[in-house]
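Below is one structure, written out as structure tokens; comments come after it.
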Amino acid sequence: MTHPSSALDDVVHQRARLGILAILDEAGRADFAYLRDSLELTDGNLARHLETLEHAELIRITKRFEDRRPRTWVSATPKGRAALRSEIAALKSIISRVESRRAS
Amino acid sequence: MMRSDEALHVLSEVESVRARTRRALDSSGFPLLVFGVLTLGSVPVGMTALSLGAGFYPQIGFYWAVGATIGVVLIAVHYAWRERSSGIGDRATRAAAFTATAFAILLGALTLGLVGDGATRGFGPQLAISGGYLLFALLERRLVVATVAIVLAVIAVASWLVVGGLKAYVLSALVYAAALIWAGLVLYRER
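Going line by line, the protein sequences match chains B and C. If you read the first sequence in the numbering used here, its first letter stands for residue 111, the second for the next number, and so on. If you read the second sequence in the numbering used here, its first letter stands for residue 5, the second for the next number, and so on.
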């Protein structure tokens, strides 16, 4: 029988990237500044995580000018939402596996 | 292999991020305040119309048609401003939720307040607002707003059954307005 942790996705299974997907799943979309401040990341760090998630087609990045200033909006793709759901399911499965062992 | 305590820690972090996001997204206080003030304003409007011999209910119906439209526009502007200033929010989902709620309130206020008669005229607008807010609460997943909406609907109907007539509208409108403004201020400060 395979251990549930084998279902964890390497791209998603990382604190900041999970946080990004959780925010986008809840809010629909968020801008770069909100994600940076909320997850307490540096600009460069967040940019790298976003690049990884975008490369895996889990998020969509839109850059536009608002009030003559550039603004970056990030939203989750259906694939990104599904990846977050399966990650959470895998984590819950790890927990319930241990709990059921303890009970037996 | 991941240990269960690690998994539990990651899950609780995700849940904490989600909770923070929900708090940042929440803007249900402003719509409650707007409709609370509108409800309060309907009482002097109706009484003035009555004293001028213009008829209480037709003027109240007209007041709600105009007032609810202005309220809906104010709330739409507030939503757009909030999203721009906070850097968070889903315009498409929010717009759908907002349109559905505004439509429910307007339709309810118009059909019950203008073309209804007897009891429906008395508590029609409040019932329509309650229905709209119940829908809003479901879409926004706000239990507080859903509770306020249900309690207010019960107050509107109960005051009609117990007191009746014009007094019932005035009584329920005052209670309604106080509750909406109070809940609105509490939610607004919580942000």
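The beta carbon of each residue, even a glycine, is placed where N, CA and C say it ideally should be.
Item: Local conformation of V122(B) per DSSP, three classes; Value: coil
Item: Buried or exposed (CB count within 10 angstroms, at least 16 for buried), L145(B); Value: buried
Item: Beta strand (DSSP E) segment containing A186(B), residue limits; Value: R179 to A186
Item: Distance CB(S32(C))-CB(E194(C)) smaller than 7 Å; Value: no
Item: Neighbour flag for V122(B) against chain C, beta carbons, 7 Å; Value: no
Item: Helix, strand or coil at R7(C) [DSSP, three-state]; Value: coil
Item: Within 8 Å of chain C by C-beta, residues of the segment 150-176 of chain B in sequence order; Value: E176
Item: The beta strand (DSSP E) enclosing D141(B), as first and last residue numbers; Value: R139 to D141
Item: Selection of the segment 192-203 of chain B by Cβ proximity to chain C, strictly under 9 Å; Value: L194, E197, I198, A200, L201, K202 and S203
Item: Terminal residues of the beta strand (DSSP E) in which T152(B) lies; Value: No beta strand (DSSP E) contains T152(B), which DSSP labels as neither H nor E.
Item: Residues that R158(B) bridges to, as DSSP identifies them; Value: According to DSSP, R158(B) bridges with nothing at all.
Item: Limits of the unbroken beta strand (DSSP E) element including I169(B); Value: I169 to E176
Item: Counterpart residues of I109(C) in DSSP-defined beta bridges; Value: Paired residue(s): none; I109(C) is not in a bridge.
Item: Cβ neighbours of G129(B) in the same chain (closer than 7 Å, five flanking residues each side left out); Value: L149
Item: Range of the contiguous alpha helix (DSSP H) that encloses R88(C); Value: F60 to S90
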